[in-house]
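Colleague:
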Amino acid sequence: MNRSTSQTTNDPALQSILDRMPKEVADSFTEEQLSHLHSALGARSWKKHSLDIRSTFPVPFIKRRIYFVLLMGRNRRDLTRREKQLSAITFALFIAAFIGASTLFGLLVLYLIKSALGINLFEGFSLGIWGWFKDLWK
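All you need for this note's numbering is the position in the sequence shown, starting with 1, plus 70.
Here it is as structure tokens:
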């Protein structure tokens, strides 16, 4: 059988396995057997990551090569109940932090506008932000 024209050998994982076999053994697989191998290997989903960095490099002091793999992408797994709870808590904390930071920024802008217009709410009291801001832009 000509492996280069087989539909199932377009899978890099299956092709890698076939390439490591003796040619006569790899060529002896029927299309049905290759299809079942392809299905069995289909459970591996690392080819679906948006960021896939794999490399090896030598480590001089132990005279070995080591490898690293960095995979990132959308989490397609079903989350456990605990993971769902942690995700909800993290999202709520993120939203609260965003609202808090936005509120503080809005108050700062209002304070700077008030100070630029020369409005004093309490006579003889200042936070010092207006002076710092003017010094920043000198």
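Using N, Cα and C, we set each Cβ at its ideal position, and we do this for glycine too. If you're wondering where the values come from, they're calculated on a predicted model, not measured in any experiment.
Give the list of continuous alpha helix (DSSP H) stretches no shorter than 4 residues that lie fully inside the segment 84-159.
Modeller: Fully enclosed alpha helix (DSSP H) runs of 4 or longer: 93-97 and 101-111.
Colleague: Please say whether PHE203 and LEU182 have beta carbons closer to each other than 8 Å?
Modeller: For the purposes of this step, residue 182 is taken as residue 112 along the sequence shown, with counting starting at 1. For the purposes of this step, residue 203 is taken as residue 133 along the sequence shown, with counting starting at 1. Yes; because the gap between Cβ atoms is below 8 Å, this pair is in contact.
Colleague: Give the range of the alpha helix (DSSP H) segment to which LEU187 is assigned.
Modeller: Translated into positions along the sequence shown, residue 187 becomes position 117. Element bounds for LEU187: n/a, residue is neither H nor E.
Colleague: Just mark PHE195 as buried or exposed, buried being the case when its beta carbon has 16 or more other beta carbons within 10 Å.
Modeller: The residue given as residue 195 occupies position 125 in the sequence shown. PHE195 should be labelled exposed.
Colleague: Taking the Cβ atom as the reference point for each residue, do GLY121 and LEU104 lie within a distance shorter than 8 Å?
Modeller: The residue you call residue 121 lines up with position 51 of the sequence shown. The residue you call residue 104 lines up with position 34 of the sequence shown. Before going on, a small fix: residue 121 reads as Leu here, not Gly. Cβ distance not < 8 Å, so LEU121 and LEU104 don't count as in contact.
Colleague: Cα separation between ALA167 and PHE138?
Modeller: Counted from its first residue, the sequence shown places residue 167 at position 97. Counted from its first residue, the sequence shown places residue 138 at position 68. Their backbone Cα atoms lie some 34 Å apart in a straight line.
Colleague: Under 8 Å between the Cβ atoms of ARG135 and THR126?
Modeller: Counted from its first residue, the sequence shown places residue 135 at position 65. Counted from its first residue, the sequence shown places residue 126 at position 56. Yes, Cβ-Cβ distance for ARG135 and THR126 is below 8 Å.
Colleague: Nearest chain D C-beta to ARG147 closer than 8 Å, yes or no?
Modeller: In the structure shown, chain D cannot be found, because there is only a single protein chain.
Colleague: Check for me: the alpha helix (DSSP H) holding LEU197 runs from which residue to which?
Modeller: The residue you call residue 197 lines up with position 127 of the sequence shown. Note, LEU197: premise wrong, no alpha helix (DSSP H); not H, not E.
Colleague: Which of the three DSSP states, helix, strand or coil, is assigned to ASP81?
Modeller: To locate residue 81, count along the sequence shown from 1; it is residue 11. Correct three-state label for ASP81: coil.
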